[in-house]
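Note that our numbering has the sequence shown beginning at 82, numbered continuously upward.
Backbone N, C-alpha and C define an ideal beta-carbon position, used for all residues, glycine too.
For reference, the structure is listed below as structure tokens.
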Amino acid sequence: MLYNYDLATVWAFILAFAIFAYVVMDGFDLGIGILFPTLKVGEERDQAMNSIAPVWDGNETWLVLGGGGLMAAFPLAYSVILPATYPLVIGMLLGLIFRGVAFEFRWRDPRHRPYWDTAFFVGSVVATLSQGILLGAVLQGIKVQGRAYAGGSLDWLSPFSLLTGAALLSGYALLGSSWLIGKSHGSLQEHSRKMAFRLGITTLIVMAAVSAATPFLAIDYWHRWFEMPRVLFTAQVPLATIAVGGIFFWSLKRGRERLPFLVTLALFALGFLGLGISMFPYVVPRALTIWDAAAPEKSQIFMLVGTVFIMPLIIAYTAWAYWVFRGKTVTEGYH
């Protein structure tokens with residue numbers, strides 16, 4: 082297949098960047114919610130919440146950019162993916178709403194804090210599972226007839242999509258635990274280090290399972306990963322994942338504080354690269370390429386002009402927020 086590196090390709094990479102930014106940024110605070118029942122009531126939970134208090138809502142900016150960008154730049158893909166995955170999208174949004182409300186009210190309503198902590202955990206799990214299952218549903222393929230979704234209401238539910246949901250659940254929890262290693266101290270840091278070790282093993286196992294299952298979803302996936310001479314390039318992704326996994330466990334053993342989180346980001350980047358190898362140039366695998374689904378050229382140019390100004394601002398204020406709140410967290414830090 083010949084690739085035309087035009088506006089559709091530019092927008093595909095912009096959206097890929099926005100989605101990856103959302104996954105790694107909102108992923109660690111969703112991961113903290115997933116880990117919440119394992120944290121001791123009181124100081125450990127308060128430290129964990131304070132570690133994400135300055136940035137958690139800003140992290141979701143990238144979700145808005147990714148979803149809005151998909152609708153604007155690839156409207157046909159948007160009109161196919163959403164009807165195919167409505168229950169998952171609704172579940173994700175409800176989970177994020179529950180988590181956001183619980184985050185604010187656990188401080189303002191101490192008498193019912195156990196209920197808000199439960200809502201924070203449940204919202205984080207539901208949002209994460211919805212995102213992971215949605216990824217699996219898209220990757221396994223969506224039935225398209227003409228220019229519309231032609232499948233059933235439960236086509237998104239399959240063993241593969243459940244596997245990707247479990248993989249993202251483990252991965253987000255790993256992001257959360259490795260984030261807490263660098264942001265916390267005392268018993269919370271030790272607990273996070275232990276959880277990171279266990280979750281590192283689990284995440285690598287489920288990543289391997291998803292990677293092994295993906296080529297069997299369709300023959301073109303198989304060719305993308307194993308056809309010569311392409312395999313000489315694609316084989317580097319699992320090899321690099323093994324190497325990065327080794328560095329992760331080495332950093333934990335050495336007692337490093339910041340490195341485990343950075344290495345976890347590298348694991349996610351490799352997983353995202355593998356996803357790109359499988360899908361590109363399809364936005365709906367085996368049904369719609371980025372050129373099939375692209376908005377008119379003038380619309381893409383108009384949006385690109387705005388994005389050139391807006392995206393650097395988002396990156397700048399996000400970087401500034403992380404820099405300002407770069408230190409360790411304390412128990413009394415968010416009210």
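Buried/exposed call for residue i, threshold 16 Cβ in 10 Å
{"i": "L83", "result": "With a pLDDT of only 43 at L83, under the threshold of 50, the placement of this residue in the model should not be trusted, and no figure is reported."}
{"i": "R126", "result": "buried"}
{"i": "V287", "result": "buried"}
{"i": "W137", "result": "buried"}
{"i": "K379", "result": "exposed"}
{"i": "H416", "result": "Summary for H416: the model assigns pLDDT 42, below 50, so the residue's position carries little reliability; its value from the coordinates is reported in the next sentence. That one is exposed."}
{"i": "V219", "result": "buried"}
{"i": "H272", "result": "buried"}
{"i": "G217", "result": "buried"}
{"i": "P240", "result": "exposed"}
{"i": "V364", "result": "buried"}
{"i": "W401", "result": "exposed"}
{"i": "Q317", "result": "exposed"}
{"i": "S132", "result": "buried"}
{"i": "P341", "result": "buried"}
{"i": "P377", "result": "exposed"}
{"i": "I95", "result": "buried"}
Residues that residue i bridges to, as DSSP identifies them
{"i": "T69", "result": "Nothing can be reported for residue 69, as the shown portion of the chain is limited to 82 through 416."}
{"i": "Y230", "result": "V225"}
Reference residue i; option with closest CA among the options
{"i": "W404", "options": "Y302, R337, K264, W306", "result": "K264"}
{"i": "Y103", "options": "F349, S292, D373", "result": "F349"}
{"i": "F278", "options": "S332, G222, I323", "result": "S332"}
{"i": "G147", "options": "S132, L163, I100", "result": "I100"}
{"i": "L163", "options": "L111, K224, F201", "result": "K224"}
{"i": "V145", "options": "F406, I395, T410", "result": "I395"}
Point to revise | Inside the region 124 to 177 only - alpha helix (DSSP H) runs reaching at least 4 residues | key: 124 to 133, 137 to 140, 142 to 154, 156 to 165
Check your understanding: Between the region 344 to 358 and the region 249 to 264, do three or more beta carbon pairs fall short of 8 Å?
Key -> yes
Exercise for review: Flag this pair as touching only if the region 155 to 168 and the region 228 to 240 have three or more C-beta atom pairs under 8 Å; answer yes or no.
Suggested key: yes
Check your understanding: Contact between the region 211 to 221 and the region 189 to 197: three or more CB pairs below 8 Å?
Key -> no
Review point. Three or more C-beta pairs closer than 8 Å, one from the region 307 to 321 and one from the region 270 to 287: is that the case here?
Key: no
Exercise for review: Examine the Cβ distances between the region 291 to 309 and the region 228 to 247 and report whether three or more of them are shorter than 8 Å.
Suggested key: yes
Practice item. Examine the Cβ distances between the region 103 to 117 and the region 385 to 392 and report whether three or more of them are shorter than 8 Å. Key: no
Check your understanding: Which ranges would you report for the alpha helix (DSSP H) in the region 237 to 323 if only whole runs of at least 4 residues count?
Key -> 240 to 264, 267 to 294, 300 to 307, 312 to 315
Review point. Which ranges would you report for the alpha helix (DSSP H) in the region 177 to 206 if only whole runs of at least 4 residues count?
Key: none
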